[in-house]
Structures are given as structure tokens and as C-alpha cells.
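Chemist: Have a look at this one before I ask anything.
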Amino acid sequence: MQEQYQPSAVEPAAQAKWEAARIFNVAEDDSKPKYYCLSMFPYPSGKLHMGHVRNYTIGDVLSRFKLLNGFNVLQPMGWDAFGMPAENAAIDRKIAPAKWTYENIAYMRNQLKSLGFAFDWERELATCTPEYYRWEQLLFTKLFEKGVIYRKNGTVNWDPVDQTVLANEQVIDGRGWRSGAVIEKREIPMYYFKITDYAEQLLADLEGLNWPEQVKTMQRNWIGKSRGMTVRFAIADDSKQGLSGKDSEYLQVYTTRPDTLMGATYVAVAAEHPLATAAAVQNPDLQTFIAECKAGSVAEADMATMEKKGVPTGRYVVNPLNGDRLEVWIANYVLWGYGDGAVMAVPAHDERDFEFAHTFGLPIKQVIAVGDNQFDADQWQDWYSDKENGRLTASGEFDGMDFQTAFDAIAAKLQSLGAGEPKTQYRLRDWGISRQRYWGCPIPIIHCEHCGDVPVPADQLPVVLPEDVVPDGSGSPLARMPEFYETTCPKCGGAAKRETDTMDTFVESSWYQFRYMSPQFSDGMVAPKAAQYWQQADQYIGGIEHAILHLLYARFFTKLMNEENIVPVKEPFASLLTQGMVLQATYYRETESGKKQWFNPAEVDVQTDEKGRPVAAVLRADGQPVIIGGVEKMSKSKNNGVDPQELIDAYGADTARLFMMFASPPEQSLEWSDAGVEGAHRFLRRLWRTVFEYVKAGAPAKAFQGSQDGLDKALKELRHKLHATIVKVSDDYSRRQQFNTAIAAIMELLNQYDKTDTGSEQGRAVAQEVLETVTQLLWPIVPHICESLWSTLRPDTALWENGWPQADEAALVKSEIEIMVQVNGKLRGKITVAADADKATVEAAALATDGAIKFMDGKTPKKIIVVPGRLVNIVV
Ligand code: ANZ
Ligand code: ZN
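Going by the UniProt record's numbering, the residue at position 321 of the sequence shown is 321; the numbering climbs one at a time, nothing skipped.
See below:
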């Protein structure tokens with residue numbers, strides 16, 4: 001054994017050993033329980049970042065723990081390889097996105113390998129390969145025929161200068177990110193998944209998932225089930241110009257608060273509403289406003305926060321309950337895609353309406369009271385929208401009713417008037433998957449003048465994306481490649497045109513969890529046998545940023561695949577762990593133009609006060625001060641990333657892994673600390689040294705076994721600590737999923753080991769037991785060093801062949817315990833007694849302590865209370 005710990009020698013050797021033994025390469029095996037541990041696959045952006053290292057280390061710890069516990073562990077890795085960054089890189093560097101992507105994959109694969117993750121590399125997949133996406137295309141054609149996928153017009157951001165469609169994130173303050181041109185909205189035909197048909201199921205099935213409550217809530221909110229009513233307001237006789245059919249009879253709204261109907265003071269419609277269109281015909285102001293609204297953001301998220309704008313139409317409708325005449329406004333906060341694109345505005349009880357009414361001086365009428373709270377029409381207060389405690393007021397026959405009673409009474413009344421009925425709604429929209437981009441999976445549809453949209457027949461799949469294309473940023477290159485789009489119609493054989501849009505890359509990441517089960521299967525998405533065996537991922541690990549869309553789409557796809565009998569399950573991920581962010585300090589200077597220039601922490605020298613808090617910082621390059629910013633998520637924009645590669649090169653993979661797992665529990669954010677990294681490295685050096693000293697003193701002993709009756713007190717205590725640590729660490733790895741406390745417990749054990757004299761023959765046997773066990777317990781976190789130490793301690797077997805250490809019940813029982821002695825409830829001393837001492841013995845020992853004698857002051861005790869194993873209270 002080397003005297004010095006040398007990760008650069010230890011790590012490749014351990015990796016080679018695992019590879020040769022193929023311990024991470026798995027197949028279906030009915031003799032063992034299975035454990036499928038999945039970490040979110042990376043986008044091949046160039047190199048790993050710390051978030052990846054953290055994510056994959058967490059997954060690796062869980063996988064390796066299960067592996068030692070006898071599970072058949074599947075832990076795969078692959079690449080979410082389609083997407084815009086590749087196109088952007090391609091435009092900048094004038095190389096094909098495919099080339100850039102495959103080069104990045106090669107580099108990042110090596111990085112992952114150097115971290116020693118227990119992946120089954122034979123299952124590696126990349127979503128940009130035809131072997132992968134062909135099955136997605138096949139499913140697409142089936143779902144299109146079934147009507148689960150359909151085509152309709154959708155709105156996109158159009159850059160008139162670059163002549164291209166932009167994604168929402170490429171529109172910055174209403175302008176194209178490259179051209180700076182004002183973005184227009186355009187309606188173009190797109191393909192949609194009918195995810196709304198699955199809203200109820202997606203909601204209901206959340207119940208059975210072992211996911212963080214927060215994530216389930218986010219999913220629920222996104223699906224946004226609401227129970228409400230459709231209410232119809234008759235169009236006033238003087239307001240019907242230009243309206244026809246039903247539009248001239250009534251204006252329909254969707255409301256979740258029919259109880260507030262008496263408090264409606266105006267009605268607001270979206271710019272696209274027929275009434276808005278009719279009112280604008282003779283009114284240039286309305287026309288301008290409508291055009292402005294239509295040009296606004298497509299992103300729904302902006303709607304809540306944006307400034308409320310509106311114009312009155314001069315048209316009126318009638319409240320079905322009380323006959324009030326209400327003016328109709330066009331307002332930018334009303335969405336055309338939701339409900340009926342119209343709201344009955346109740347400024348007293350809806351915050352958006354309140355803000356709007358204030359801006360335009362519209363009446364505010366209170367119809368809900370909560371206790372004696374005073375209503376103030378100048379100031380919004382939270383109780384105004386309280387459904388739970390509200391009672392109706394100023395609402396005639398409905399006064400005094402609570403929400404549910406009023407809802408039912410008003411619903412009955414409106415129904416009898418033919419002016420409305422209850423309705424359940426979902427916020428969820430159908431999933432538009434068409435992207436006017438090159439680097440994505442081609443949509444397998446052929447457009448024929450005679451036959452319409454024809455799905456590509458199975459025997460003509462895959463529709464292969466040409467890989468040697470270099471996009472230039474304007475338009476979609478596929479739309480300019482006749483060699484790609486010119487084809488014949490599969491139905492009539494006539495000349496036809498291929499669809500040139502590609503799919504949203506969320507489609508690929510919606511089913512990769514199943515492809516891993518049989519990645520080379522050449523007859524469908526998943527081999528039935530593999531799907532039957534692996535079922536679903538038992539554990540999924542990834543960032544909270546995917547809490548909504550990715551997880552929802554993957555759940556949706558699982559339901560679709562289940563209906564197609566491709567997988568036996570309805571949910572893809574039984575348990576979910578969302579890891580916290582990796583944070584790091586930020587440093588900057590303000591440039592003359594007022595912009596911030598960010599400096600990487602590696603280029604900065606920081607001065608700290610006596611408590612280690614940073615007080616000043618200078619840029620090493622010029623010695624001049626920089627401003628200390630907050631501690632924030634590592635990101636390119638703040639230039640505060642730490643390159644994992646530098647860490648691995650300097651200290652080795654095990655230090656990186658240990659630091660990440662020790663610094664904080666998986667769900668919480670982790671603050672980067674150089675001192676923490678050094679501390680982790682010191683611990684590993686000390687562990688190495690401990691084993692080195694032990695083997696230097698003589699050949700490894702046989703680990704202690706059998707009855708410990710003959711051991712001296714210190715060795716008994718060491719064994720007690722060891723076995724208590726096994727229990728704690730096992731629980732931390734499995735039930736609690738908190739690895740920092742597991743590490744802390746092992747550190748404590750090693751401290752006690754250091755303090756214990758293990759020189760005797762029995763001592764060496766216990767030492768052997770402790771050191772073997774420590775390498776087993778730490779293997780999930782720092783596998784390389786443990787592998788190496790184990791082979792020194794036990795050259796006869798491999799670590800992973802020995803399973804997980806089991807606690808010795810006899811050692812867990814403490815032979816002696818410490819008990820508190822109280823006099824009249826105040827702590828006055830301690831006694832050490834045999835763990836199985838009877839009550840009389842404990843009492844006698846307590847009465848004999850100096851503290852008891854002193855504070856009893858010669859009196860006879862009235863009562864002695866013994867709490868077994870904890871305390872004795874002497875009452876005098
Ligand atoms: C009157 C009212 C009074 C409302 C009140 C709320 C509180 P959820 O729960 O998310 O489904 N609404 C309806 N259609 C809309 C649209 N197209 N654009 C913007 N807002 C719309 O929201 C339903 C509520 O959102 C409805 O209930 C309606 O305002 C508004 F004290 O009606 B409510
Ligand atoms: Zn045809």
C-alpha cells in the first residue's frame with residue numbers, strides 16, 4: 001500500500017476494475033429485486049457543470065447503496081441531444097449542429113466516466129439519432145390516426161427581419177434577440193397533443209406518487225382545475241350592431257365566483273372577442289388598442305404581472321340576476337384562450353379587476369363580508385377574495401349565505417332563467433409541439449393536395465434528419481431543401497411535400513426513461529420483456545426547474561404508451577428527489593455605462609474578517625477592488641461557475657463527490673466553499689492514513705466475530721459505536737436520503753477509533769471490523785478510495801461481493817448506561833449502571849451520589865421516580 005493517498009492512481013484503477021467485472025451492466029434477472037435509478041439526462045452543452053455533478057452523485061449514492069443491498073440496479077445515462085443551443089453554436093461557428101453535439105457528447109462522456117458513476121454505459125442513448133427518434137415518429141403517426149394528435153392554427157413569434165419564427169425566450173422586450181426587430185404574431189398550422197383530455201387523470205394519479213408535496217402542488221396548479229359557472233349576460237338592445245347569431249343575444253363568461261355576481265360592475269373581453277371586433281368597426285381607437293393587444297406577448301406568465309390596460313366599447317350587457325346595465329371593456333388581462341375570453345368583473349373581490357377599476361375610475365361594489373372587517377375601496381386587502389369565511393351582503397335574497405350555499409342557490413336561479421350552468425375547467429392547454437427549427441425530430445407527416453395530411457407509413461420510417469446542414473439563422477433550413485421535402489404521397493402516389501417542422505424537444509425527454517430499458521430494441525420503443533421487468537423508475541433525481549413541464553409531459557407520454565400497450569405502467573417515476581441548486585459568491589464592477597461586469601471567483605482574492613466573513617475583494621489581475629455581490633446560483637450570466645474538471649484534476653473525483661454530499665442535504669441548496677473542498681480532501685487523506693497505519697502494524701487481522709463478552713470496555717464501546725453507525729447510515733441512505741448526516745456519523749466513528757487502543761490481538765480484530773465496515777459504508781459516496789482500501793484490507797474478495805454490513809444486535813445493546821440524577825426535578829449528578837440493572841440497584845446508586853446526598857440535606861425521600869434508561873428523580 002502506498003503511504004500517500006493518490007487519487008490520480010487510485011481512481012482509474014478502481015474504474016478499470018468495475019468495468020472488467022461488469023458490475024454495472026445489468027440484464028433482467030428475476031432472482032433479484034430490481035431498482036431503477038434515473039437521473040435527468042444532460043443536454044450536451046459542452047462540459048459538465050456543478051449541478052450535473054451534484055445530480056449524478058446523488059443518483060450514484062442511491063444506486064450503489066442498493067447494489068450492495070442485493071438489488072439488480074439499473075442506472076443509465078444518455079443525452080438530451082436535440083435543441084436550440086446546438087443551432088446557435090452552429091450559426092456562430094459555422095459548423096453542423098450534429099458535429100457540435102457529437103463532439104460535446106464525447107467530451108462529457110469522458111468527464112462522467114472520470115467521476116466513476118455506476119452507469120450501465122452499454123445503454124447510453126442520444127435522442128438525436130434515428131435509432132431513437134424513429135420510435136417516437138412511429139408513435140406520432142399512430143396517435144395522429146387516433147386523433148390524440150391534431151393540427152390547428154397556433155400563434156407564433158415572427159421575426160420579420162430574420163424571416164424566422166422565434167421561441168418565447170428569443171423574444172426580449174418584444175424584439176428579436178438577434179435582429180432587434182419588433183416581433184409580430186403570426187398564425188400558422190401546428191400539431192398539438194390533446195393533453196387536455198388527460199387533465200383529470202394527470203391530476204388524480206398525482207396522489208399515488210412519492211414526490212415532494214411542492215412539486216405535486218406545482219403540477220396541480222399547472223393543470224389548474226377549477227369549478228365554476230358559465231354565466232350569460234344578455235346584450236342590451238342598443239348594443240347589437242354588427243353582431244349576429246348567438247353573439248347578438250348574449251355574452252358568455254366563465255366565473256369561479258358566481259356568488260359575487262351582484263357585485264359585477266363591468267364586463268371585460270379579450271381583444272379577439274367578437275364583441276370587440278364588432279365595436280371596433282367604426283372606432284379607430286379600439287382598432288389601435290386591439291392591434292396593440294394582439295402584438296403583445298404570447299407567454300401566459302406575463303399576463304399576471306403586466307400593466308392593466310383597457311378601453312370601453314360603448315356597448316352594454318345586462319346582469320341576469322338584477323338587471324344592471326354593465327359596460328363592456330376590452331382589457332389586456334383577459335385571455336382569449338381561456339374560458340370564454342370574457343370576464344364578469346367584480347372589482348371588490350378580484351384583485352385584477354380591483355386594479356383595473358382603480359385605473360379607470362369604475363365603480364367598486366362590495367357584496368362579500370368577512371366578520372366585522374371594514375371595506376376600504378382605496379386599498380386592496382387579502383380578505384376581499386376570501387371564499388372560506390365570506391358571507392354575501394348587498395345581494396338581496398342571497399344575503400348571509402356562505403360561498404357554497406350561494407354558489408348552489410345562484411346556480412339554480414341562473415339555470416331556471418336559462419342564463420348559466422355549472423362548469424369545470426382546466427387551465428392546462430393542449431401541447432403544441434411544432435417547432436420551425438432544424439435541429440429536432442422531423443414530424444412524420446406528408447402533405448398531399450388530394451389526401452391532406454398523411455402520416456408517413458411505418459415501413460417508410462424513420463424520416464431522417466440530414467445531419468450535415470449548417471443553419472444560418474434565417475428560416476428553417478429544411479424548408480429550403482427540396483431533397484428533404486419533395487416526396488410522393490403514400491396514399492395516392494402523387495407529388496407531395498414533407499412537413500419541415502420538427503418536434504418540441506420535450507417530446508424526446510418524455511419517454512427516454514423507457515427506452516433505457518432496452519435501448520437497442522429494433523422492433524419498437526421498448527422490448528415488452530424489459531418493460532415488464534423494469535416497470536418504471538423507482539427513483540428519479542433532477543432539478544426543480546423541471547417540476548412542471550418535463551415531468552407533466554413524461555407522465556402524459558407514459559399514459560399514452562400504456563394505452564398503446566407499450567408499457568404496463570401509468571406513471572414513469574415512483575419517487576422523485578429534486579436536488580437543490582449549487583450556489584457560489586459573485587463579484588463585479590460597474591462599467592461606465594452602468595452595466596455590471598462579473599468576475600469569476602477564481603480570479604478574485606477575498607479578505608475575510610476573524611469570523612471568516614468576506615469583507616473585501618480584489619481582482620488578482622490588477623489588484624484593484626471588486627464589489628462583493630450576493631451568493632447566487634452558479635450561472636454563465638453571473639460568471640460564478642466553478643469548473644468541475646478543475647476540481648477533479650486538482651483533488652480527484654472522490655473529493656468532489658464527498659464535498660457535494662457533505663455540504664448539505666440533497667434537496668437544499670449547496671453553497672460552494674473552497675475550504676469545504678479542502679476539508680473533504682483532508683478527510684480522505686486521513687482515512688487513507690488510518691488504514692495505512694493499521695496495515696503497517698501487521699498483516700490485516702480477521703474481522704471480529706462472535707460474542708464480545710471478553711472484550712475490554714473501550715473495545716466494547718467502539719463496537720457499539722460501529723454498529724450504531726451501521727444502523728444510522730443505512731437509514732440515512734434509504735429512508736431519509738440525507739447523506740451529510742451519514743458522513744458525519746462515519747467521521748465520529750473514526751474519531752472514536754483513533755481514541756481507542758486497538759493494539760491487542762482482539763483490538764486488531766475490532767480495528768479490522770471497523771475499517772472494513774467504514775469502506776463499505778462510504779463506498780456509495782467515495783467509491784474509488786474505498787475500493788482501494790478494501791483491497792488492502794481484504795485482498796481475497798471484492799468489496800461489492802460482500803454486500804451491505806449488517807448490525808450486530810449484541811453490540812447494539814449497551815452494557816452500561818448513563819442515568820441522570822435529579823433532586824426535586826433539578827439535575828444534581830449522573831450515575832453509570834449496568835444496562836439491565838433493576839430498579840432497586842438504580843435507586844441505591846442514585847441515592848449514593850455526592851449530589852443527591854448534598855441536596856437531600858439529610859431528609860428521607862418522599863418518593864423516588866425512576867424513568868428506565870434515562871433518569872432518577874428523588875423527591876424530598
Ligand atoms: C368573477 C370573479 C369574482 C372571479 C371574483 C374571480 C374572483 P381560475 O380559477 O383560474 O379558473 N377569468 C375567466 N376567464 C378569464 C379569461 N379568459 N382571462 C382572464 N381571466 C378570466 O380563474 C377563473 C376566474 O378568472 C374567473 O372567475 C374570472 O374571474 C377570471 F371575486 O369571475 B372570476
Ligand atoms: Zn395523396
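We put the beta carbon where it would ideally sit given N, CA and C, even for glycine. Values in this document were obtained by computation on a predicted structure and should not be read as measured data.
Residue 698: buried (16+ other C-beta within 10 angstroms of its C-beta) or exposed?
Modeler: Taking the first residue of the sequence shown as 1, we reach residue 698 at position 698. It counts as exposed.
Chemist: Consult DSSP for residue 95 and reduce its assignment to one of helix, strand or coil.
Modeler: As a working note, residue 95 is residue 95 in the sequence shown. If DSSP states are grouped into helix, strand and coil, residue 95 belongs with coil.
Chemist: Residues in its own chain within less than 6 Å of residue 46 by CB, not counting five upstream and five downstream?
Modeler: Taking the first residue of the sequence shown as position 1, residue 46 is located at position 46. 104.
Chemist: With a threshold of 8 Å on Cβ separation, who are the neighbours of residue 471 within its own chain once the five nearest residues in sequence on each side are excluded?
Modeler: Counted from its first residue, the sequence shown places residue 471 at position 471. Closer than 8 Å at Cβ, skipping near neighbours: 87, 90, 91, 97, 438, 439 and 477.
Chemist: Counting only runs that start and end within the region 142-225, where is the alpha helix (DSSP H) found for 4 or more residues in a row?
Modeler: DSSP runs (the alpha helix (DSSP H)) wholly in the region 142-225: 199-204 and 213-223.
Chemist: Using the C-alpha atoms, what's the distance from residue 219 back to residue 754?
Modeler: Mapped onto the sequence shown, residue 754 falls at position 754. Mapped onto the sequence shown, residue 219 falls at position 219. Rounded to the nearest angstrom, the two C-alpha atoms are 51 Å apart.
Chemist: Since I believe residue 255 is in contact with residue 228 (beta carbons under 8 Å), could you give me their beta-carbon distance rounded to a whole number of angstroms?
Modeler: The count along the sequence shown starts at 1 and reaches residue 228 at position 228. The count along the sequence shown starts at 1 and reaches residue 255 at position 255. Sure, about 5 Å apart at Cβ, within 8 Å.
Chemist: Compute the distance between the beta-carbons of residue 247 and residue 275, then report whether it is under 8 Å.
Modeler: On the sequence shown, position 247 is the one that residue 247 refers to. On the sequence shown, position 275 is the one that residue 275 refers to. Yes, Cβ-Cβ distance for residue 247 and residue 275 is below 8 Å.
Chemist: Identify whether residue 250 lies in helix, strand or coil by the three-state DSSP scheme.
Modeler: As a position in the sequence shown, residue 250 is number 250, starting the count at 1. Note: residue 250 maps to strand in three-state DSSP.
Chemist: Taking the continuous beta strand (DSSP E) assigned at residue 333, which residues delimit it?
Modeler: Locating residue 333 in the sequence shown gives position 333, where the first residue counts as 1. First-last for residue 333: undefined, no H or E at that position.
Chemist: Can you grab the Cα-Cα spacing for the pair residue 391 / residue 414, in whole Å?
Modeler: Within the sequence shown, the letter at position 391 stands for residue 391. Within the sequence shown, the letter at position 414 stands for residue 414. Roughly 20 Å between the two C-alpha positions.
Chemist: With a threshold of 7 Å, establish whether the CB of residue 270 neighbours any heavy atom of the ligand ANZ.
Modeler: In the sequence shown, the residue the question calls residue 270 occupies position 270. Under cutoff, so the answer is yes.
Chemist: So which of 518, 542 and 538 has the shortest CA-CA distance to residue 531?
Modeler: The sequence position of residue 531 within the sequence shown is 531, counting from 1. Residue 518 is the option with its Cα nearest to residue 531.
Chemist: So for residue 576, helix, strand or coil by DSSP?
Modeler: As a working mapping, residue 576 is identified with position 576 in the sequence shown. Three-state result, residue 576: strand.
Chemist: Please confirm if the region 156-167 is in contact with the region 555-562, defined as three or more CB-CB distances below 8 Å between the two stretches.
Modeler: Verdict: no, contact absent.
Chemist: Roughly how many whole angstroms lie between the Cα atoms of residue 805 and residue 776?
Modeler: Translated into positions along the sequence shown, residue 805 becomes position 805. Translated into positions along the sequence shown, residue 776 becomes position 776. For residue 805 and residue 776, the distance between alpha carbons rounds to 7 Å.
Chemist: Is the beta carbon of residue 290 sitting closer than 8 Å to the one on residue 280?
Modeler: Residue mapping note: residue 290 aligns to position 290 of the sequence shown, counting from 1. Residue mapping note: residue 280 aligns to position 280 of the sequence shown, counting from 1. Cβ atoms of residue 290 and residue 280: closer than 8 Å.
Chemist: Name the one or two DSSP bridge partners that residue 833 has.
Modeler: Taking the sequence shown and counting its residues from 1, the one referred to as residue 833 is at position 833. Note: residue 833 sits in a beta bridge opposite 817.
Chemist: With three or more C-beta pairs closer than 8 Å as the rule, is the region 784-799 touching the region 840-860?
Modeler: As far as the Cβ criterion goes, the region 840-860 does not touch the region 784-799, which means the pair count is below three.
Chemist: What residue range does the alpha helix (DSSP H) around residue 747 cover?
Modeler: Residue mapping note: residue 747 aligns to position 747 of the sequence shown, counting from 1. Counting along the chain, the alpha helix (DSSP H) containing residue 747 begins and ends at 739-755.
Chemist: Give the straight-line distance between the Cα atoms of residue 641 and residue 630, rounded to the nearest whole angstrom.
Modeler: The count along the sequence shown starts at 1 and reaches residue 641 at position 641. The count along the sequence shown starts at 1 and reaches residue 630 at position 630. Residue 641 and residue 630: Cα-Cα distance of roughly 14 Å.
Chemist: Should the region 3-21 be called in touch with the region 510-517, which here means at least 3 C-beta pairs below 8 Å?
Modeler: Taking 8 Å as the limit for Cβ pairs, the verdict is that the region 510-517 does not touch the region 3-21.
Chemist: Taking 7 Å as the cut-off, is the CB of residue 257 close to at least one heavy atom of the ligand ANZ?
Modeler: Counting from 1 along the sequence shown, the entry for residue 257 is found at position 257. Yes, the ligand ANZ has a heavy atom inside 7 Å of this Cβ.
Chemist: Please name the residue in 441, 382 and 39 whose C-alpha comes closest to that of residue 350.
Modeler: For this step, residue 350 is matched to residue 350 along the sequence shown. Ranking 441, 382 and 39 by Cα distance to residue 350 puts 382 first.
Chemist: For the beta strand (DSSP E) that residue 498 lies in, which residues bound it at each end?
Modeler: Start at 1 with the first residue of the sequence shown, and residue 498 comes out as number 498. Unbroken beta strand (DSSP E) run through residue 498: 495-498.
Chemist: Answer with buried or exposed for residue 751, where buried requires no fewer than 16 other C-beta atoms within 10 angstroms of its C-beta.
Modeler: On the sequence shown, residue 751 is found 751 positions in, with the first residue counted as 1. Label assigned to residue 751: exposed.
Chemist: What is the C-beta distance between residue 633 and residue 687, in whole angstroms, given that I count them as a contact (C-beta under 8 Å)?
Modeler: Indexing the sequence shown from 1 puts residue 633 at position 633. Indexing the sequence shown from 1 puts residue 687 at position 687. Not quite, the Cβ-Cβ distance comes to about 32 Å (not below 8 Å), so this is no contact.
Chemist: Residue range of the beta strand (DSSP E) that residue 598 falls in?
Modeler: For this step, residue 598 is matched to residue 598 along the sequence shown. Looking at the DSSP string, the run of the beta strand (DSSP E) that includes residue 598 is 596-599.
Chemist: Does the region 62-72 come within contact of the region 726-742, defined as at least 3 CB pairs closer than 8 Å?
Modeler: Touching, per the Cβ criterion.
Chemist: Find the nearest neighbour of residue 509 within the set 136, 36 and 316, judged by alpha-carbon distance.
Modeler: For the purposes of this step, residue 509 is taken as the residue at position 509 of the sequence shown. Closest option to residue 509, Cα to Cα, is 136.
Chemist: Just to confirm, are residue 61 and residue 665 a CB contact at a threshold of 8 Å?
Modeler: Position 61 of the sequence shown, counting from 1, holds the residue named residue 61. Position 665 of the sequence shown, counting from 1, holds the residue named residue 665. No. Outside cutoff.
Chemist: With a 10 Å radius around its C-beta and 16 neighbouring C-beta atoms as the bar for buried, classify residue 459 as buried or exposed.
Modeler: Here residue 459 corresponds to residue number 459 of the sequence shown, with the count starting at 1. Per the 10 Å Cβ criterion, exposed.
Chemist: Which two residues bound the contiguous alpha helix (DSSP H) that contains residue 774?
Modeler: One-based indexing of the sequence shown puts residue 774 at position 774. Residues 761-778.
Chemist: Using CA coordinates, which residue listed in 481, 410, 479 and 497 is at the minimum distance from residue 451?
Modeler: On the sequence shown, position 451 is the one that residue 451 refers to. Among 481, 410, 479 and 497, the Cα nearest to that of residue 451 is on 497.
Chemist: DSSP beta-bridge partners for residue 227?
Modeler: Your numbering for residue 227 matches position 227 in the sequence shown. 424.
Chemist: Determine the contact status of residue 331 and residue 264, defining contact as a CB-CB distance below 8 Å.
Modeler: The count along the sequence shown starts at 1 and reaches residue 331 at position 331. The count along the sequence shown starts at 1 and reaches residue 264 at position 264. It is not a contact, given that the beta carbons lie outside the stated cut-off.
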